[in-house]
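Trainee:
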Amino acid sequence: MPFFKTIRWIVWKDLVCELRSRETISSMLFFALIVILVFSFSFSMDQDAARQLIAGIIWVSFTFTGIIGLGKSFSSELQNDCLEALQISPIPKGAVYLGKVLANFLFMLSVEILLFPLFILFFNLDVVEELGILLLVFLLATLGLSAVGTLFSALTVQIRAREVMLPVLLLPLAVPVMIAAVEATRGTLNGDPYAFYSQWIQLLVVFDIIFTVVSFWLFELILDS
Amino acid sequence: MPFFKTIRWIVWKDLVCELRSRETISSMLFFALIVILVFSFSFSMDQDAARQLIAGIIWVSFTFTGIIGLGKSFSSELQNDCLEALQISPIPKGAVYLGKVLANFLFMLSVEILLFPLFILFFNLDVVEELGILLLVFLLATLGLSAVGTLFSALTVQIRAREVMLPVLLLPLAVPVMIAAVEATRGTLNGDPYAFYSQWIQLLVVFDIIFTVVSFWLFELILDS
Amino acid sequence: MINRFIRYIQRYKGWFGGGAALCLLIGLYTGLLASPPDYYQGEVVRIMYVHVPLAHTSLLAYSVLFGGSIWYLWKRDPLVDNMCQAAATITAMFTGLALVTGSIWAKPTWNTWWTWDPRLVSFAVLLLILAGYMMLRRLVDDPDREGKYAAVLAIVGGVDLPIIKFSVEWWRTLHQPMSFSTRGVSISDDLLVPLLFMSAGCWLLFAYMLMIRTQMLYLTELLQAKKGRLLSQTHFSQSAQ
Amino acid sequence: MIAIQATNLSKAYGFYRIFEDLSFEIRAGECFALFGPNGAGKTTLLRILATLQQPSHGQFSVFGQDGVTEKDLVRQSLMVIAHGSHLYDELTGFENLQFALALRGQAFDPKTLKYGLDRVGIGAFGDLKIRQYSAGMKKRLALAKVVIGKPKLLLLDEPYNALDEAGVTMTNLIIQQTLAREGAVLMTTHDRDKAAHVATRGGILQSGHLQHLTREQLT
Amino acid sequence: MIAIQATNLSKAYGFYRIFEDLSFEIRAGECFALFGPNGAGKTTLLRILATLQQPSHGQFSVFGQDGVTEKDLVRQSLMVIAHGSHLYDELTGFENLQFALALRGQAFDPKTLKYGLDRVGIGAFGDLKIRQYSAGMKKRLALAKVVIGKPKLLLLDEPYNALDEAGVTMTNLIIQQTLAREGAVLMTTHDRDKAAHVATRGGILQSGHLQHLTREQLT
Ligand code: HEM
Ligand SMILES: Nc1ncnc2c1ncn2[C@@H]1O[C@H](COP(=O)(O)OP(=O)(O)OP(=O)(O)O)[C@@H](O)[C@H]1O
Ligand SMILES: Nc1ncnc2c1ncn2[C@@H]1O[C@H](COP(=O)(O)OP(=O)(O)OP(=O)(O)O)[C@@H](O)[C@H]1O
Ligand SMILES: [Mg+2]
Ligand SMILES: [Mg+2]
Chain A
1 MPFFKTIRWI VWKDLVCELR SRETISSMLF FALIVILVFS FSFSMDQDAA
51 RQLIAGIIWV SFTFTGIIGL GKSFSSELQN DCLEALQISP IPKGAVYLGK
101 VLANFLFMLS VEILLFPLFI LFFNLDVVEE LGILLLVFLL ATLGLSAVGT
151 LFSALTVQIR AREVMLPVLL LPLAVPVMIA AVEATRGTLN GDPYAFYSQW
201 IQLLVVFDII FTVVSFWLFE LILDS
Chain B
1001 MPFFKTIRWI VWKDLVCELR SRETISSMLF FALIVILVFS FSFSMDQDAA
1051 RQLIAGIIWV SFTFTGIIGL GKSFSSELQN DCLEALQISP IPKGAVYLGK
1101 VLANFLFMLS VEILLFPLFI LFFNLDVVEE LGILLLVFLL ATLGLSAVGT
1151 LFSALTVQIR AREVMLPVLL LPLAVPVMIA AVEATRGTLN GDPYAFYSQW
1201 IQLLVVFDII FTVVSFWLFE LILDS
Chain C
2001 MINRFIRYIQ RYKGWFGGGA ALCLLIGLYT GLLASPPDYY QGEVVRIMYV
2051 HVPLAHTSLL AYSVLFGGSI WYLWKRDPLV DNMCQAAATI TAMFTGLALV
2101 TGSIWAKPTW NTWWTWDPRL VSFAVLLLIL AGYMMLRRLV DDPDREGKYA
2151 AVLAIVGGVD LPIIKFSVEW WRTLHQPMSF STRGVSISDD LLVPLLFMSA
2201 GCWLLFAYML MIRTQMLYLT ELLQAKKGRL LSQTHFSQSA Q
Chain D
3001 MIAIQATNLS KAYGFYRIFE DLSFEIRAGE CFALFGPNGA GKTTLLRILA
3051 TLQQPSHGQF SVFGQDGVTE KDLVRQSLMV IAHGSHLYDE LTGFENLQFA
3101 LALRGQAFDP KTLKYGLDRV GIGAFGDLKI RQYSAGMKKR LALAKVVIGK
3151 PKLLLLDEPY NALDEAGVTM TNLIIQQTLA REGAVLMTTH DRDKAAHVAT
3201 RGGILQSGHL QHLTREQLT
Chain E
4001 MIAIQATNLS KAYGFYRIFE DLSFEIRAGE CFALFGPNGA GKTTLLRILA
4051 TLQQPSHGQF SVFGQDGVTE KDLVRQSLMV IAHGSHLYDE LTGFENLQFA
4101 LALRGQAFDP KTLKYGLDRV GIGAFGDLKI RQYSAGMKKR LALAKVVIGK
4151 PKLLLLDEPY NALDEAGVTM TNLIIQQTLA REGAVLMTTH DRDKAAHVAT
4201 RGGILQSGHL QHLTREQLT
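Chains as they are written, first to last, in the numbering used here: chain A, 1 to 225; chain B, 1001 to 1225; chain C, 2001 to 2241; chain D, 3001 to 3219; chain E, 4001 to 4219.
1. Indicate the three-state DSSP secondary structure (helix, strand or coil) for E:Gly4014 in the structure shown.
2. Between A:Phe196 and A:Gly187, what straight-line distance do the alpha-carbon atoms span, to the nearest angstrom?
3. Below 7 angstroms, is the gap between the Cβ of D:Asp3157 and the nearest heavy atom of ligand 4?
4. Would you list, in chain order, the members of the segment 2133–2153 of chain C that have their beta-carbon closer than 8 angstroms to a beta-carbon of chain D?
5. When you measure from the CB of E:Ile4204 to every non-hydrogen atom of ligand 3, does any distance come out below 7 angstroms?
6. Between the C-alpha atoms of B:Ser1061 and B:Phe1041, what's the straight-line distance to the nearest angstrom?
7. With distance defined between alpha-carbon atoms, name the residue in E:Leu4052, E:Phe4094, E:Glu4090 nearest to E:Ile4081.
8. Cβ-heavy atom distance between C:Ala2087 and ligand 3 below 7 angstroms?
9. Where B:Gly1094 and B:Glu1220 are concerned, what is the direct C-alpha to C-alpha distance, given to the nearest angstrom?
10. Could you pull the start and end residues of the alpha helix (DSSP H) that E:Thr4188 belongs to?
11. By DSSP's criteria, D:Ile3004 is part of a beta bridge. Which residues make up the other side?
12. Identify which residue in C:Ile2006, C:Glu2169, C:Tyr2133, C:Leu2161 has its Cα closest to the Cα of B:Asp1199.
13. Checking 8 angstroms against the spacing of the C-beta atoms, do E:Val4120 and E:Ala4144 come in under that value?
14. Is E:Gly4167 near ligand 2, judged by its Cβ being under 7 angstroms from some heavy atom?
15. In chain order, what residues of the same chain lie with their CB nearer than 8 angstroms to the CB of C:Met2134, ignoring the 5 residues before and after it?
16. Just list the beta strand (DSSP E) runs in the segment 3127–3161 of chain D, keeping only unbroken ones of 3 residues or longer that don't cross its boundaries, in chain order.
17. Pair every Cβ in the segment 3182–3189 of chain D with every Cβ in the segment 3140–3158 of chain D, then say whether three or more of these pairs are closer than 8 angstroms.
18. Between D:Thr3189 and ligand 4, is there a pair consisting of the residue's CB and a ligand heavy atom that are separated by less than 7 angstroms?
19. Let me make sure I understand the geometry here. Which of B:Phe1116, B:Glu1077, B:Leu1170 has the alpha-carbon closest to that of B:Trp1100?
20. When the Cα of E:Lys4111 is compared with those of E:Thr4043, E:Glu4095, E:Gly4202, which residue comes out closest?
21. Tell me where the alpha helix (DSSP H) around D:Arg3075 begins and ends.
22. Are the beta-carbon atoms of A:Ser146 and A:Phe105 separated by less than 8 angstroms?
23. Assess contact between the segment 3096–3111 of chain D and the segment 3044–3051 of chain D, defined as three or more Cβ pairs (one per stretch) separated by less than 8 angstroms. Is contact present?
24. What does DSSP give as the partner residue(s) for C:Asp2038 in the beta ladder?
25. Taking DSSP as the reference, what is the three-state secondary structure of D:Thr3092?
26. What residues from chain A crowd round C:Leu2128, counting only those whose CB sits closer than 9 angstroms?
27. Buried or exposed, going by whether 16 or more other CB atoms sit within 10 Å of the CB of C:Lys2227?
28. Short of 6 angstroms in beta carbon distance, which residues of its chain neighbour C:Met2211, apart from the five on each side in sequence? Order them along the chain.
29. At a CB-CB cut-off below 7 angstroms, which residues of chain A make contact with C:Thr2112?
30. Show which residues of chain C have a CB atom less than 8 angstroms away from the CB atom of D:Gln3054.
31. According to the Cβ coordinates, are B:Leu1170 and B:Ile1067 closer than 8 angstroms?
32. Return helix, strand or coil for A:Phe43, following the three-state DSSP convention.
33. Out of E:Thr4178, E:Gln4206, E:Ile4175, state which residue places its alpha-carbon closest to the alpha-carbon of E:His4190.
34. Give the DSSP bridge partners of B:Val1213, in chain order.
35. In terms of residues, what are the limits of the alpha helix (DSSP H) holding A:Gly99?
36. Round the Cβ separation of B:Arg1160 and C:Leu2139 to the nearest angstrom and send it over; I've been treating them as touching at under 8 angstroms.
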């Protein structure tokens, strides 16, 4: 089947299933809220400490939340052995990968966009000016996480103890993306000049490209028996 | 069947399965390590900031790790419908609960004990004197988490989206235990006099008793169709 | 056949609705127009007349949910289950509103929308428990288990109530400590009158909403049972052919 | 003696009714075979009798004990072989047998357990983890539980499913032994021929009603 | 025309050999029924032919295309009905059918899809979520895919399992239609009687070897 049509069908299927059940996004949302709450309170932050940690809290909670969505992306294919159906369909497997990345990206991004106003409220952020850059950082980091995360979701779903193995395998690879995202976000929130943290944004772009291209090629091996 | 014999068989079964596969403890260990690593990176901490946050980091990572073990405690009963076998066995369901709590407590505690030396190394802690109190805090908090966690593990394992729902339902209830544990740990690590944080330890005892008693009674309803 | 409690609700709910409207109107009038501004806080203090009753009521409403859950587990009356489901939704609404009004109040007085104060956190936790409760109800496939599991969650979640209540005592916090305590009332009459009316109004409003929502859930289920009878008949004929 | 006495049993999932007002009795020494089209509610009925699900209305008793109020006594006297094999992958066949019987309050010495494994033809594999068992071996282990546990009531959900001929013969033998010691058996199946060897009575569950079969219809 | 040509197919899990050096061919218009005891490797063989698993040795081709090197072409011509129904719980029956055929590169207008649903008797439930389907209805939906998709090779793993009589008849009808349009069918089953109505050839897989059955043995 044509490449782009396959992507479209995969995305369509994931979005329709999600719109029907609203399971993934709502559970991601709750989970993120609770993680933020737990973090903030466990670190018993007063205003000053918060300023320093906020970027870290944002990305740790987004990453953990993202892992939940990524996990469901393929574990939902296990119902009724749908994963096998994908395997033996005469479709380009790369298109399945891109479709899944796109769907995961959309899920994660919508959760982040829903949560961001809460962050602003919770931590008294002042972000009106840098909103554009912040959005860019969010887009790039989320893309990176979902690019590599989709690959590992497909990989771990086919092994034992999959619920644990996804974070265990993915987190080490996500750390570079997270660090770059944290540094860029911290710079933006501190109101530093763009040049101070532009290198981190460039790094994010590089990670995105590497992760997407490599995963695109490896995905076929993982999905194909 | 007699109450204590049932407890013994349940614990025996969980321990033997774990000794054979070593899945739960090893995956908990890995997960905890990675979480600690991610935290240290994302919060890019210097020594002083670390001192302030360390208690929070300890308990956030232990709680998340514990949730992994708790989740497996009952999801492992889903293989071959073993949960049904437990349901229709003529055994006191409270004994099943206590057996599971005990097993989970042992798993979580052994992971914590394995990890603690690492914390000391990583964050340069000086704990020789307060080791007894620290151990007490660990015991109490872990007991509280496994008491309420076992109940919710049994509950979520029988619903849809169970992997997500365990943290979503459990974390809000675990927050009080975590707060008390964090405050007590922080006090101990700061070398405060015992009277400063004794109230938190009392609170932990209270939570342990409430959670255990309430869960003990409610568990029967959850396991019994 | 319609449950007799549903009949009672049908008959008496108007009184609760009317009472709520009346008390709220008086409360709003005395609070917003008739009472003097606060010595320290100025006009801002008027948010109190909304915030405090809402917060009180949400705790009361959760207590109703808590009690109803125990009752349900004991008697297994499906109507009580409907009542619990209704109570959870309404409690969540009150809790949300109390949070929002508190937040609005916090901005001028503490100069921040939000702070990691124990009462605020434990209160937010209550909202999360309620959100989890509503999610849980959607995720149980077997309707017999739905009510039971939800009740279990509500009961264990009840631990949060005393924490909210006493957090201001245990921690030294920003938030106002209890003013109605065993040591007697600690605020002046000017403030007390509108506060009492608003509180009564919110309680009546809660009761009213609980009634109509319980009724609605009950009747919906009844309707679905009727529909189900038809559906099973088509199924039976399907498998017979 | 009456093994199962059901009166007006009904089951509905929410508003979707599976069956209504089923009344029947099964006596000790009888093997009742339950047939019926897909989705008729055979498994549901069996699970209700096994106290795994609640009936929506009606009641039933097992050897005189009420199935709703005295679950624990009912559970003492029955055993179920359903689609799930109720085995732990990490335990050996021997340990699984031991654990399963221990949960029923029956502690046996190793020799008896070994004998049970031998009886179903997997004595050589007693120390192998269940993970390495084939589907047929797992089914046989479940049968070993019945051989040793000697339940008074045996509930079987599609026992012949995916079993080869030797397995079918063994299952039928064990059913006959249960009947011989005055136990009762209820099984669901789509396979009339295989059931015909052991069933003493039968019925078809269809459109929510149970229609009893005569002797001739059964064979 | 040769539909499946297998030469020296072997499969081993680690050092555990399931079967060795299987060679056989199935022609277009033939329905081959594969019997054999539990754990003989019937499902494994079927999954290898469906390109879901790799053979350890040997090769096979489907309508002239090599099964290992030209997987995508092979996949174009086959359809599998296995234990899993390959359906998404949140999609309706109609949407599931649409998606499944779209993945095979076959886009149909709604009318054709509706026709397919009607053909297998679940036209009335097309807009219901799969979650609410009974097991039998799901199996029928899988058959609808075959009715519309018209694959050249059909692989069935225990197709009669847990199906009632009406379902069995329908399955056999669809097999016959596949044969009529010069397709080929391979199925595994334990149920010789039901297979006898449609199978044109048969074999027993046992101890790692395939033993062909004669016409008389088959019926
Ligand atoms: C998001 C912010 C806030 C939250 C979540 C919140 C929550 C609550 C809750 C749950 C109660 C009920 C306590 C009870 O019934 O015993 C309460 C009462 C009260 N709150 Fe707040 N509050 C917030 C902000 C504020 C602010 C900014 C003020 C004033 C400076 C304030 C003043 C009060 C007062 C005076 C009471 C009544 C205390 C009593 O009589 O017991 N609150 N609040
Ligand atoms: N959890 C559930 N929620 C709603 N409906 C259900 C549920 N479980 C089963 N059903 C429905 O109950 C009916 C009876 O199912 P059951 O499994 O008892 O059938 P069965 O007679 O055993 O069929 P089969 O021959 O396929 O095994 C089916 O129509 C099914 O759709
Ligand atoms: N992943 C695996 N690892 C090791 N052995 C396996 C694996 N999968 C299957 N087997 C073994 O391969 C053998 C063949 O299995 P298969 O499922 O093909 O049998 P089958 O003929 O379909 O049996 P049945 O009639 O029960 O369906 C079995 O003995 C099984 O134990
Ligand atoms: Mg069934
Ligand atoms: Mg097979």
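Each residue gets a CB set at the ideal place from its N, CA and C atoms; glycine is no exception. All values derive from a computational prediction rather than experimental measurement.
Mentor: Working from what's here:
1. coil
2. 7 angstroms
3. yes
4. Asp2142, Pro2143, Asp2144
5. no
6. 14 angstroms
7. E:Leu4052
8. no
9. 6 angstroms
10. Taken as a continuous stretch (DSSP letters only), E:Thr4188 belongs to no alpha helix (DSSP H), being part of the beta strand (DSSP E) at 4184–4188.
11. D:Ile3026, D:Val3062
12. The residue asked about is misnamed: residue 1199 of chain B is Gln in this sequence, not Asp. Answer by Cα proximity: C:Glu2169.
13. yes
14. no
15. Ala2088, Thr2089, Ala2092
16. 3153–3157
17. yes
18. no
19. Sequence inspection shows Lys at residue 1100 of chain B; the Trp mentioned does not correspond to that position. The shortest C-alpha separation from B:Lys1100 is found at B:Glu1077.
20. E:Glu4095
21. 3071–3077
22. yes
23. no
24. C:Gly2042
25. strand
26. Phe30, Leu33, Ile34, Leu37
27. exposed
28. Ile2009, Lys2013
29. Asn124
30. Asp2144
31. yes
32. coil
33. E:Gln4206
34. For B:Val1213, which the question treats as bridged, DSSP gives no partner whatsoever.
35. 93–123
36. 5 angstroms
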